[in-house]
Amino acid sequence: MDQWAFLEDNREKWGNCWAIFGDWNAITNNEEKRGGVRKHESDFVGFKEFILKMEMQELDQSRSFFTWGNNRHEEGYVEERLDRVFVSLDWMLRFPKMVVSNFYRSASSHNVILFDTEVEMEKRKKRFTFDSRWATMDGVQEAVVVGWDISVEGSQMFLVHEKVKNTRMALIAWAKPLRRNNEKTIQMRTAKLEEMRKQEE
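Just so you know, we're using our numbering here: the sequence shown kicks off at 1 and counts up by one.
Here it is in structure tokens:
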């Protein structure tokens, strides 16, 4: 489709952190459609290949599974999962608490999509920073391996998020004694400077 080709051609202009959401007018399998004539498997190939080429991660939606309906009654009623939210891996890691919900349409044939990144909540948190000096210290590699190798089950998006979180927590636990020692060193040096200052008075 022309719009898919346009997105493929322009993806490099967006950088590494991006999100795309809306009506894709396509589904990936017959489970994403209820009512009407079933589609052939070949009908899903183009959309699936597009998702793979774009390296997009689809976000789960709360509330209704189907996001579009033809507004007909009884046997003529058809609904499909046409509206989706896709993000890059960098976006997913930057906004781990993002939530996607869809709400039943009244006048429109499409559900209303609410995309909430909870940016303000993330800004209030103290950000974890990897100290470059840790790279040469004993035990840091083991801490990374332990955190990353913790068994996690779920979607690809959830799996990557949890592994990064577990690795971060393992590094925080490993670095805790270092922080205590640094605090003691600072206190000792501060006390020494204060003592020298008093002697000079």
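From the three backbone atoms N, C-alpha and C, an ideal C-beta is built for every residue, glycine too. Predicted model, so just to flag it, every value in this text is computed and none were measured.
(message) I want to know whether the stretch 86-106 touches the stretch 54-71 - three or more CB-CB distances under 8 angstroms.
(response) A contact exists between the stretch 86-106 and the stretch 54-71.
(request) Take the Cβ of I27 as the centre, count every other Cβ of all protein chains shown within 10 Å, and call the residue buried at 16 or more, exposed below. (result) Looking at its Cβ environment, which holds 16 or more other Cβ atoms inside 10 Å, I27 is buried.
(message) On a Cα-Cα basis, can you pick out the residue from F44, W24 and D23 that is closest to E204?
(response) Because the chain is modelled from 1 through 201, residue 204 falls outside the range shown and cannot be assessed.
(message) Going by beta-carbon coordinates alone, are T117 and F95 separated by less than 7 angstroms?
(response) Contact: yes.
(request) Spell out the partners DSSP gives G22 in its beta bridges. (result) Answer is R84, bridged to G22.
(request) Pick helix, strand or coil for E153, following the three-state DSSP scheme. (result) Shown here, E153 sits in coil according to DSSP, grouped into three states, outside any helix or strand.
(message) Relative to the C-alpha of M157, which candidate in D90, A135 and S108 has its C-alpha closest?
(response) Put simply, of D90, A135 and S108 the residue whose alpha carbon is nearest the alpha carbon of M157 is D90.
(message) With H, G and I counted as helix, E and B as strand and the rest as coil, what does DSSP make of E79?
(response) Note: E79 maps to strand in three-state DSSP.
(message) Do K163 and W148 have their beta-carbon atoms positioned less than 7 angstroms apart in this structure?
(response) Yes, the pair counts as a contact, with Cβ atoms nearer than the cut-off.
(message) I need the DSSP call for V145, collapsed to helix, strand or coil.
(response) Three-state result, V145: helix.
(request) Apply the 10 Å Cβ neighbour rule to W14 and answer buried if 16 or more other Cβ atoms are within range, or exposed otherwise. (result) By the Cβ-count criterion, W14 is exposed, with fewer than 16 other Cβ atoms from all chains shown falling within 10 Å of its own Cβ.
(request) Under 8 angstroms by Cβ, that's how I've got A135 and A170 pegged, so tell me the actual separation to the nearest angstrom. (result) A Cβ-Cβ distance of about 15 angstroms is found for the pair A135 and A170, leaving them out of contact under the 8 angstroms criterion.
(request) Report all residues from its chain with a CB closer than 7 angstroms to the CB of D9; omit the five preceding and five following residues, and keep chain order. (result) So the list is empty, once near-sequence residues are dropped.
(request) Could you spell out where the alpha helix (DSSP H) holding F103 opens and where it closes? (result) Premise fails: F103 lies in the beta strand (DSSP E), V99 to F103, not in any alpha helix (DSSP H).
(message) I'd like to confirm the pairing. Which residues does DSSP put opposite L114 in its beta bridges?
(response) Its beta-bridge partners are S101.
(message) Considering only the alpha carbon of each residue, which of S151, T129 and I150 lies closest to I172?
(response) Selected option, being the one with the closest Cα: T129.
(message) Just to confirm, is the Cβ distance from V87 to Q57 under 7 angstroms?
(response) At the C-beta level, V87 and Q57 come within 7 angstroms of one another.
(request) Take G22 and list the residues in its own chain whose beta-carbon comes closer than 7 angstroms to its own, dropping the five residues that flank it on each side. (result) Taken in chain order, the residues that qualify are D83.
(request) Would you decide whether A221 is buried or exposed? Buried here means 16 or more other CB atoms lie within 10 Å of its CB. (result) A query on residue 221 cannot be resolved here, the shown segment of the chain reaching from 1 to 201 and no further.
(message) Suppose you measure from the CA of N111 to the CA of N25; what does that come to, to the nearest Å?
(response) Approximately 13 angstroms, taken between the alpha carbons.
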